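Colleague: Residue numbers (numbering that gives the first Met the number 0), protein chains in the order written: chain B, 0 to 139; chain D, 0 to 139.
Can you read through this structure? Questions will come right after.
Protein chains: 2
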Amino acid sequence: MMISTKGRYALRVMIDLAENYGKGYVPMKEVAERQNISLKYLERILPVLTKNKMIEGLQGKGGGYRLAAEPAEYRVGDILRLTEGSLAPVACLSCETNTCERVQSCKTLPMWMEFHRLTNTYFDGIALSDLMSSDEFVKL
Amino acid sequence: MMISTKGRYALRVMIDLAENYGKGYVPMKEVAERQNISLKYLERILPVLTKNKMIEGLQGKGGGYRLAAEPAEYRVGDILRLTEGSLAPVACLSCETNTCERVQSCKTLPMWMEFHRLTNTYFDGIALSDLMSSDEFVKL
DNA sequence: TTTTTTACCTACTTTTTTAGTTGGTATTAG
DNA sequence: CTAATACCAACTAAAAAAGTAGGTAAAAAA
Numbered sequence: 000m001m002i003s004t005k006g007r008y009a010l011r012v013m014i015d016l017a018e019n020y021g022k023g024y025v026p027m028k029e030v031a032e033r034q035n036i037s038l039k040y041l042e043r044i045l046p047v048l049t050k051n052k053m054i055e056g057l058q059g060k061g062g063g064y065r066l067a068a069e070p071a072e073y074r075v076g077d078i079l080r081l082t083e084g085s086l087a088p089v090a091c092l093s094c095e096t097n098t099c100e101r102v103q104s105c106k107t108l109p110m111w112m113e114f115h116r117l118t119n120t121y122f123d124g125i126a127l128s129d130l131m132s133s134d135e136f137v138k139l
Numbered sequence: 000m001m002i003s004t005k006g007r008y009a010l011r012v013m014i015d016l017a018e019n020y021g022k023g024y025v026p027m028k029e030v031a032e033r034q035n036i037s038l039k040y041l042e043r044i045l046p047v048l049t050k051n052k053m054i055e056g057l058q059g060k061g062g063g064y065r066l067a068a069e070p071a072e073y074r075v076g077d078i079l080r081l082t083e084g085s086l087a088p089v090a091c092l093s094c095e096t097n098t099c100e101r102v103q104s105c106k107t108l109p110m111w112m113e114f115h116r117l118t119n120t121y122f123d124g125i126a127l128s129d130l131m132s133s134d135e136f137v138k139l
């Protein structure tokens, strides 16, 4: 399985916040209930999104989270790469610590690279706004 | 990471056998040495390929494995689906045990389904013969 | 100023998956 | 009979995934 709960939950939270865009700060407790996800687990997933300015958190009563920009500004690819670390299909692509000494002769590497490119292109082609309830998701 | 060693090793074994196609049975010991993979681990991975008639094993001295058909007959997608179980990006797609009760309202499901289709199409578009040393792998 | 509500933080735990290893048995050629 | 091979089942160690526990800090409302 390529996408873990981290990425899937983060995406669902982002969609939820997108659907509440413009209504101020939304408490994560509400999102967790709506999405039926453990609040505590969500709290562990969100920091990477706030640190990368995707969402903004406000502490205290009346606080919560909100999107930092319009839903159309967000690419699903960015959200998944942040939360999953990478969308690479095999380890030797995910970072520069490529310790594989067969790189030069590897017969499958080009295939993995091309698939990686394809994956990024696909998810970068989808905006958060494409996944909101009002829209029907249609993609060739 | 989507593809584990099971799928990657199986693919390398298949390429190795493809490059020795027509030369009779090749002992897995040789393949393991060439590919620098534990023979014992390979022995655990291969049964699914033999049971599905992808390769043929012959016991005893002078035995080994060989492809059951020409390299061009094999699709990378088939090899990966057999060894990895499925190429689905998320669990809710990989089988009919879809216990998720949000199926109807899930805003991300169509996106995962389309990516799944894309993935299968990509890997089904590559034949084992495309990965052999003689060929230069070029794919749009 | 006290209470309540929220984000934010760190360490721990449990379960599952991955990546093997160990120790064999069955079969076949020479 | 011996050597080389495929074939088989149980076990193990390490890592990752998925989530819990138990707080602190900040801000608004009472």
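Here a beta-carbon is modelled for each residue, glycine too, at the ideal position from N, C-alpha and C.
Here the structure is a predicted model, which is why all the values come from computation and not from measurement.
Which residue wins for smallest C-alpha separation from residue 143/B, given the options 118/B, 81/B, 53/B?
Modeller: Shown here, chain B extends from 0 to 139; a query on residue 143/B therefore has no answer.
Colleague: For the structure I just gave you, are there three or more beta carbon pairs, one from the stretch 5–12 of chain D and one from the stretch 33–48 of chain D, closer than 8 Å?
Modeller: Touching, yes.
Colleague: Taking buried to mean at least 16 other C-beta atoms within 10 Å of its own C-beta, is residue 140/B buried or exposed?
Modeller: In this structure chain B extends from 0 to 139, so residue 140/B is not present and cannot be described.
Colleague: Whose Cβ in chain D lies nearer than 8 Å to the Cβ of residue 130/B?
Modeller: Your numbering for residue 130/B matches position 131 in the first sequence. Here the neighbours are 106, 107, 110.
Colleague: Name the chain B residues that come within less than 8 Å of residue 10/D, Cβ to Cβ?
Modeller: Locating residue 10/D in the second sequence gives position 11, where the first residue counts as 1. Per Cβ cutoff of 8 Å: 107.
Colleague: Tell me, please, whether the CB atom of residue 26/D is closer than 8 Å to any CB atom in chain B?
Modeller: Locating residue 26/D in the second sequence gives position 27, where the first residue counts as 1. Not one chain B Cβ lies under 8 Å of residue 26/D.
Colleague: Which of the three DSSP states is assigned to residue 14/B in this structure?
Modeller: Working through the first sequence from its first residue, we reach residue 14/B at position 15. Secondary structure at residue 14/B: helix, using DSSP grouped into helix, strand and coil.
Colleague: Thinking residue 2/D and residue 83/D are a contact (beta carbons under 8 Å), I'd like their distance in whole angstroms, please.
Modeller: Numbered from 1 along the second sequence, position 3 holds the residue referred to as residue 2/D. Numbered from 1 along the second sequence, position 84 holds the residue referred to as residue 83/D. Yes, they are in contact, since the Cβ atoms of residue 2/D and residue 83/D sit about 6 Å apart, within 8 Å.
Colleague: Straight-line CA distance for residue 139/D to residue 67/D?
Modeller: Walking along the second sequence from the start, residue 139/D turns up at place 140. Walking along the second sequence from the start, residue 67/D turns up at place 68. With a pLDDT of 45 at residue 139/D, under the threshold of 50, the modelled position of that residue is not reliable, and no figure is offered here.
Colleague: With 7 Å as the C-beta to C-beta threshold (strictly closer), list the residues of the stretch 113–128 of chain B near chain D in chain order.
Modeller: Against chain D - using a Cβ distance shorter than 7 Å - the residues of the stretch 113–128 of chain B are 113, 114, 117, 121, 125.
Colleague: So, do the stretch 121–131 of chain D and the stretch 61–80 of chain D have three or more beta carbon pairs nearer to each other than 8 Å?
Modeller: yes
Colleague: Can you tell me which of the three DSSP states residue 31/B falls into?
Modeller: In the first sequence, residue 31/B corresponds to position 32, counting from 1. It is helical.
Colleague: Between residue 74/D and chain B, is the shortest Cβ-Cβ distance under 8 Å, so that the two count as touching?
Modeller: Along the second sequence, one-based indexing puts residue 74/D at 75. Output row for residue 74/D: interface = no.
Colleague: Take the Cβ of residue 21/B as the centre, count every other Cβ of all protein chains shown within 10 Å, and call the residue buried at 16 or more, exposed below.
Modeller: What you label residue 21/B is simply residue 22 of the first sequence in a count that begins at 1. Under this definition residue 21/B is an exposed residue.
Colleague: Run down chain D in chain order and give the residues with a C-beta less than 8 Å from the C-beta of residue 89/B.
Modeller: Looking up residue 89/B in the first sequence gives position 90. 0, 1, 2, 7, listed in chain order.
Colleague: The beta strand (DSSP E) spanning residue 74/D covers which residue range?
Modeller: Here residue 74/D refers to the residue found at position 75 when the second sequence is read from its first residue. Where residue 74/D is concerned, there is no enclosing beta strand (DSSP E), given that its DSSP letter is neither H nor E.
Colleague: Could you tell me which residues DSSP puts in a beta bridge with residue 63/B?
Modeller: For the purposes of this step, residue 63/B is identified with residue 64 of the first sequence, where counting begins at 1. Paired residues: 57/B.
Colleague: How would you list, in chain order, the residues of chain B whose beta-carbon sits under 7 Å from the beta-carbon of residue 14/D?
Modeller: Working through the second sequence from its first residue, we reach residue 14/D at position 15. Under the 7 Å cutoff, chain B gives 106.
Colleague: Return the chain-ordered list of same chain residues with a C-beta closer than 7 Å to the C-beta of residue 131/B, the five sequence neighbours on each side being excluded.
Modeller: Counting from 1 along the first sequence, the entry for residue 131/B is found at position 132. In the same chain as residue 131/B, and ignoring 5 residues on each side of it, the C-beta atoms closer than 7 Å to its own belong to 14, 17, 18, 70, in chain order.
Colleague: DSSP has residue 9/B in a bridge; who is on the other side?
Modeller: As a working note, residue 9/B is residue 10 in the first sequence. In DSSP, residue 9/B forms no bridge with anything.
Colleague: Can you tell me which of 35/B, 26/B, 90/B puts its alpha carbon nearest to the alpha carbon of residue 4/B?
Modeller: In the first sequence, counting from the first residue as 1, residue 4/B sits at position 5. It is 35/B whose Cα lies nearest to the Cα of residue 4/B.
Colleague: Using the Cα positions of residue 28/B and residue 64/B, report the straight-line distance between them to the nearest angstrom.
Modeller: Working through the first sequence from its first residue, we reach residue 28/B at position 29. Working through the first sequence from its first residue, we reach residue 64/B at position 65. Near 10 Å, if we compare the C-alpha coordinates of residue 64/B and residue 28/B.
Colleague: What whole-angstrom Cβ distance do residue 110/D and residue 92/D have, given they're in contact under 8 Å?
Modeller: Here residue 110/D corresponds to residue number 111 of the second sequence, with the count starting at 1. Here residue 92/D corresponds to residue number 93 of the second sequence, with the count starting at 1. The pair is not a contact, with the Cβ atoms about 11 Å apart (cut-off 8 Å).
Colleague: Would residue 57/B be called buried (16 or more neighbouring beta carbons within 10 Å of its own) or exposed?
Modeller: Against the first sequence, residue 57/B aligns to sequence position 58. Exposed, since its Cβ has fewer than 16 Cβ neighbours within 10 Å.
Colleague: Whose C-beta lies closer than 7 Å to the C-beta of residue 89/D among residues of the same chain, with five residues either side of it excluded?
Modeller: On the second sequence, position 90 is the one that residue 89/D refers to. Within the same chain, residue 89/D has close Cβ partners 111.
Colleague: With residue 117/B and residue 73/B assumed to form a contact (beta carbons below 8 Å), what rounded beta-carbon distance in angstroms separates them?
Modeller: As a first step, residue 117/B is located in the first sequence; it is residue number 118 there, counting from the start. As a first step, residue 73/B is located in the first sequence; it is residue number 74 there, counting from the start. No, residue 117/B and residue 73/B are not in contact; Cβ-Cβ is about 21 Å, not under 8 Å.
Colleague: Taking the beta carbon of residue 39/B as the centre, do at least 16 other beta carbons fall within 10 Å, making it buried, or is it exposed?
Modeller: Start at 1 with the first residue of the first sequence, and residue 39/B comes out as number 40. Exposed, since its Cβ has fewer than 16 Cβ neighbours within 10 Å.
Colleague: If we ignore side chains and look at the alpha-carbon of each, how far apart do residue 37/B and residue 61/D end up?
Modeller: Position 38 of the first sequence, counted from the first residue, corresponds to residue 37/B. Position 62 of the second sequence, counted from the first residue, corresponds to residue 61/D. Distance between the alpha carbons of residue 37/B and residue 61/D: 58 Å.
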